[in-house]
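> Residue numbers (the numbering used here): 610 to 1002. Built from N, CA and C at the ideal position, the CB exists for glycine as well.
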């Protein structure tokens, strides 16, 4: 066998063991140090061994299982059940079904975008959005598992025994957990980057729609303003007996005109739902909190936050305009109480969003990630300040 000597290896992986079984004669297989063999060697490894080595492989598995069982019992007596649970967790950390499906779906999304960039395929934002939604649904479970792995690593960090054999078992588990955390973290960084790129495109299109309708809306607003002024100026005429019917008809015509204009104004509205705002906020906030994504897409984050500010402000203004029209046209058959409550709803929405986000983040951020919680606070302050600044313009 080329490379380092077996006795110098800290641990023989399952893949390395399979290679050794194919290459070493039976007498050399029997000399492999059981303390370096992986725990839980699968029985089907015997089927892949040369026929003349199968007896040696079976004996090796029995010795390895006996060694690891003895080691586990010693560990349990020395460090307790919590550490044992953390060591067990290390064996499958980062390789669960949730993580595998998440990785597969993410790679499919990246491949679709690469194909589209080369002119191969017709994937549009709607299709991307459906794909991202599936990944968002998986994200909760992946983050929950990542948080559990972090807790397990913290458990082991404070429980390294003095016994060399036991210490080696704990250190192996620490290394496995650390690798799993880094691999999943890189996976999340890729997702947050791709999702932000797509959300930025979506917000940009929405902003273009808003700007296209703004001029038409402004024209209607000025017409409404003039008609309301006319109604106020002619209020005395409407109540006079002389030519009363004619003035009442004029009043009804003016009110009907106002109602039509308000209906027309609704056609200029570019719908932005709280669901949309939440998705966009998640994309911006998650990418901002994730170190890898934040460094990789710093310029994209700046542009995305600017777009988000603009759309949040539009959401706020459109809610206020609706409330204002009802307040200034009380003859419309809408309860003003239900409309006025939308005033400054954007700021209220942001505060509620970040309250929920903090609650979620406390579950998936490690206890050592206080800096990211501070980033969350900073993002909230920036958004609120920008909304307030925009409202004064």
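(1) Let's see if you can read the secondary structure: which residues bound the alpha helix (DSSP H) around residue 727?
(2) Am I right that residue 910 and residue 893 are in contact with their C-beta atoms under 8 Å? What's the rounded C-beta distance?
(3) Got a sec? Which residues, its chain only, sit under 7 Å from residue 683 by beta carbon, not counting five neighbours each side?
(4) Classify residue 594 as buried or exposed, calling it buried when 16 or more other Cβ atoms lie within 10 Å of its own Cβ.
(5) I'd like the span of the alpha helix (DSSP H) that includes residue 740, first residue to last.
(6) How big is the Cα-Cα spacing for residue 753 and residue 880?
(7) Indicate the three-state DSSP secondary structure (helix, strand or coil) for residue 657 in the structure shown.
(8) Where does residue 893 fall in DSSP's three states?
(9) For the structure I just gave you, are there three or more beta carbon pairs, one from the region 634-654 and one from the region 673-682, closer than 8 Å?
(10) Just to confirm before moving on: does the CB-CB distance between residue 803 and residue 749 stay below 8 Å?
(11) Can you give me the C-alpha to C-alpha distance between residue 638 and residue 742, rounded to a whole angstrom?
(12) Look at residue 805 and residue 913 and say whether their C-beta atoms are less than 8 Å apart.
(13) Measuring only the C-alpha atoms, how far is residue 823 from residue 714?
(14) Just confirm the distance between the C-beta atoms of residue 916 and residue 890, as a whole number of angstroms; I'd bet it's less than 8 Å.
(15) Is it the case that the Cβ atoms of residue 789 and residue 702 are separated by a distance below 8 Å?
(16) Taking only the alpha-carbon atoms, compute the straight-line gap between residue 747 and residue 710 and give it to the nearest angstrom.
(17) Could you tell me if residue 994 is buried or exposed, where buried requires 16 or more neighbouring beta carbons within 10 angstroms of its beta carbon?
(18) Should residue 976 go down as buried or exposed, given a rule of 16 or more other Cβ atoms within 10 Å for buried?
(19) Can you find a CB in chain B that lies within less than 8 Å of the CB of residue 784?
(20) What is the DSSP secondary structure of residue 793, reduced to helix, strand or coil?
(21) Enumerate in chain order the residues of its own chain whose CB-to-CB distance from residue 808 is below 6 Å, with the five nearest sequence positions on each side excluded.
(22) Once DSSP output is grouped into helix, strand and coil, what is the label at residue 919?
(23) For residue 899, collect the residues of the same chain with a Cβ closer than 6 Å to its Cβ; drop the 5 residues on either side in sequence, then sort them by chain order.
(24) Measure the alpha-carbon distance for residue 959 versus residue 983 and round it to whole angstroms.
In short:
(1) No alpha helix (DSSP H) holds residue 727; DSSP gives it neither H nor E.
(2) The beta-carbon distance between residue 910 and residue 893, rounded to whole angstroms, is 7 Å. This is short enough to meet the 8 Å contact definition.
(3) Correct list, in chain order: 775.
(4) The structure shown does not extend to residue 594, since the chain is modelled only from 610 through 1002, so no value can be given for it.
(5) In the DSSP assignment, residue 740 falls within the unbroken alpha helix (DSSP H) covering 734-766.
(6) Going by the C-alpha atoms only, they are around 33 Å apart.
(7) In the structure shown, residue 657 sits in coil (DSSP, three-state: anything other than H, G, I, E or B).
(8) Of the three classes helix, strand and coil, the one that applies to residue 893 here is helix, per DSSP.
(9) These segments touch.
(10) No, the pair does not count as a contact, with Cβ atoms beyond the cut-off.
(11) So the alpha carbons of these two residues sit roughly 50 Å apart.
(12) Against a cut-off of 8 Å, the Cβ pair of residue 913 and residue 805 comes out as a contact.
(13) Their backbone Cα atoms lie some 39 Å apart in a straight line.
(14) The Cβ separation is near 12 Å, so there is no contact.
(15) Yes, the pair counts as a contact, with Cβ atoms nearer than the cut-off.
(16) Cα to Cα, the separation comes out at about 8 Å.
(17) Exposed is the call here.
(18) The predicted model places residue 976 with a pLDDT of 44, which falls under 50 and marks its position as unreliable; any figure quoted below should be read in that light. Classification for residue 976: exposed.
(19) This model lacks chain B altogether, as it is built from one protein chain only.
(20) If DSSP states are grouped into helix, strand and coil, residue 793 belongs with the helices.
(21) Listed in chain order, the non-local C-beta contacts of residue 808 below 6 Å within the same chain comprise 889, 892, local neighbours out to five positions each way being set aside.
(22) Reduced to three states, the DSSP call for residue 919 is helix.
(23) Only 798, 801 meet the Cβ criterion.
(24) Between the C-alpha atoms of residue 959 and residue 983 there is a straight-line separation of about 16 Å.
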